[in-house]
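Before any comments, here is the structure.
Number of protein chains: 2
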Amino acid sequence: MNTQPPLPHPDADQITLPTVLTALGDQTRLAIIGHLSRCEGTGMTCGQFTDLASKTSITYHVSKLREAGVVNVTPEGTRRRVTLRRDDLDHRFPGFLDSIITSTRDLHIDGFEDEPNEPAELSRRDP
Amino acid sequence: MNTQPPLPHPDADQITLPTVLTALGDQTRLAIIGHLSRCEGTGMTCGQFTDLASKTSITYHVSKLREAGVVNVTPEGTRRRVTLRRDDLDHRFPGFLDSIITSTRDLHIDGFEDEPNEPAELSRRDP
DNA sequence: TCCTTAGTTCAATGATTGTTGAACAAATGA
DNA sequence: TCATTTGTTCAACAATCATTGAACTAAGGA
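These protein sequence lines are chains A and B, in that order.
Everything in the first sequence is counted per this note's numbering, starting at 163 for the first residue and increasing by one.
Everything in the second sequence is counted per this note's numbering, starting at 163 for the first residue and increasing by one.
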């Protein structure tokens with residue numbers, strides 16, 4: 163039903179380069195971006211990052227990314243859907259995000275990576 | 163006569179994205195890069211950055227940039243010539259440096275530039 | 001209704017930052 | 001030789017960072 167209060171996000175024109183760079187200058191957060199870049203349509207939930215750090219830490223890092231304007235976070239039931247702010251970032255800093263993603267891929271800074279390809283599916287509450 | 167011991171720099175292949183991003187995630191260091199981008203041929207000396215911060219601070223920030231592999235620093239007499247490691251960065255992270263420089267320019271994050279513009283809202287101790 | 005899932009809040013903690021000032025060193029120039 | 005220029009080192013400090021564990025809330029499913 164999505165009747166949840168939205169979380170605060172900076173407007174596109176309030177996103178600043180130093181803040182974005184600071185947000186990305188961290189292993190864990192860069193890994194989150196790497197994950198997200200493979201699910202640009204759907205996004206991911208916080209729970210899908212718990213291989214990178216503890217639940218509490220993920221909350222912290224995702225907030226940092228949200229406050230910097232790098233990701234969008236929207237409540238969905240008990241979950242938070244996290245997506246890259248691709249358009250805003252491309253508009254503000256042309257070429258930047260792609261160069262980051264490409265480099266992150268090449269260097270596989272990522273958490274795991276070619277992990278038999280979890281098909282981006284959410285919920286997995288198997289029997 | 164340049165018989166000075168060189169300062170330690172990482173090899174091109176030792177430059178990592180998180181480190182570079184951390185190095186650039188700072189107002190002062192981003193401003194240094196902005197300055198340097200306008201003198202890519204010659205480079206600049208530390209003394210030319212003292213409008214951005216104190217001498218001691220500049221030493222600190224330039225070291226950060228050097229250790230991250232963003233700039234090259236070579237002693238010349240009593241001075242240090244600082245240059246962007248353009249080729250190494252372009253090779254490692256294609257498009258990255260240019261996107262940073264372009265964005266830094268557009269947003270004039272820079273130190274001074276078109277003077278008449280007080281840096282946003284810093285102190286206003288008028289007479 | 002009760003239980004589970006998904007995530008947040010909070011206080012505590014140790015580590016890392018960025019700044020300062022005083023003292024220093026090394027090359028240059030008079 | 002002596003002073004100046006240019007930059008470094010060091011200890012100290014406040015501020016911010018990233019992590020932890022315990023307690024918590026809110027939504028959904030049985």
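Cβ coordinates follow ideal geometry from the N, Cα and C atoms, glycine included.
Quantities reported herein were computed from a predicted structural model and do not represent experimental measurements.
Best match in the options for proximity to residue i [C-alpha to C-alpha]
| i | options | result |
| --- | --- | --- |
| I177 (chain A) | A:T266, A:L259 and A:D250 | A:D250 |
| H215 (chain B) | B:G203, B:R228 and B:D188 | It is Ala, not His, that sits at residue 215 (chain B) in the sequence shown. For A215 (chain B), the nearest C-alpha among the options comes from B:D188. |
| A230 (chain A) | A:R200, A:V182, A:I220 and A:P237 | A:V182 |
| H171 (chain A) | A:H253, A:R247 and A:D252 | A:R247 |
| P167 (chain B) | B:T266, B:S265 and B:E238 | B:E238 |
Any C-beta of chain A under 8 Å from that of residue i
| i | result |
| --- | --- |
| S261 (chain B) | yes |
| G196 (chain B) | no |
| S219 (chain B) | no |
| L180 (chain B) | Looking at the sequence shown, residue 180 (chain B) is not Leu but Pro. True, the Cβ-Cβ gap to chain A drops below 8 Å. |
Beta carbon proximity, residue i to chain B, threshold 8 Å
| i | result |
| --- | --- |
| K257 (chain A) | At residue 257 (chain A) the sequence reads Gly, which differs from the Lys that was named. So, interface residue. |
| S199 (chain A) | no |
| G231 (chain A) | no |
| G187 (chain A) | yes |
| P172 (chain A) | no |
| T266 (chain A) | yes |
| L192 (chain A) | yes |
| L183 (chain A) | yes |
8 Å Cβ shell around residue i - same chain, five flanking residues per side excluded
| i | result |
| --- | --- |
| V224 (chain B) | I194, C208, F211, V233, V235, R242 and V244 |
| L198 (chain B) | G205, M206, V233, V244, T245 and L246 |
| I263 (chain A) | I195, G196 and S199 |
| E202 (chain B) | T245, L246 and R248 |
Cutoff 7 Å; reference residue i; Cβ partners in own chain excluding five residues on either side
| i | result |
| --- | --- |
| G179 (chain B) | As written in the sequence, residue 179 (chain B) is Leu, which differs from the Gly given in the question. Taken in chain order, the residues that qualify are F255. |
| L227 (chain A) | A185, R191, I194 and V233 |
| F258 (chain A) | L251 |
| D292 (chain B) | With chain B running from 163 to 289 in the structure shown, residue 292 (chain B) is simply not present. |
Residue burial classification, residue i (beta-carbon count within 10 angstroms, cutoff 16)
| i | result |
| --- | --- |
| H253 (chain A) | exposed |
| S219 (chain B) | exposed |
Close Cβ partners of residue i (< 6 Å) along its chain, the five nearest in sequence each way excluded
| i | result |
| --- | --- |
| L169 (chain A) | V235 |
| G205 (chain B) | R243, V244 and T245 |
(message) Suppose only complete runs of 3+ residues qualify. What are the beta strand (DSSP E) ranges in the stretch 207-265 of chain B, listed by chain order?
(response) You should have 233-238 and 241-246.
(message) Give the list of continuous alpha helix (DSSP H) stretches no shorter than 4 residues that lie fully inside the stretch 172-211 of chain B.
(response) 179-186 and 189-198
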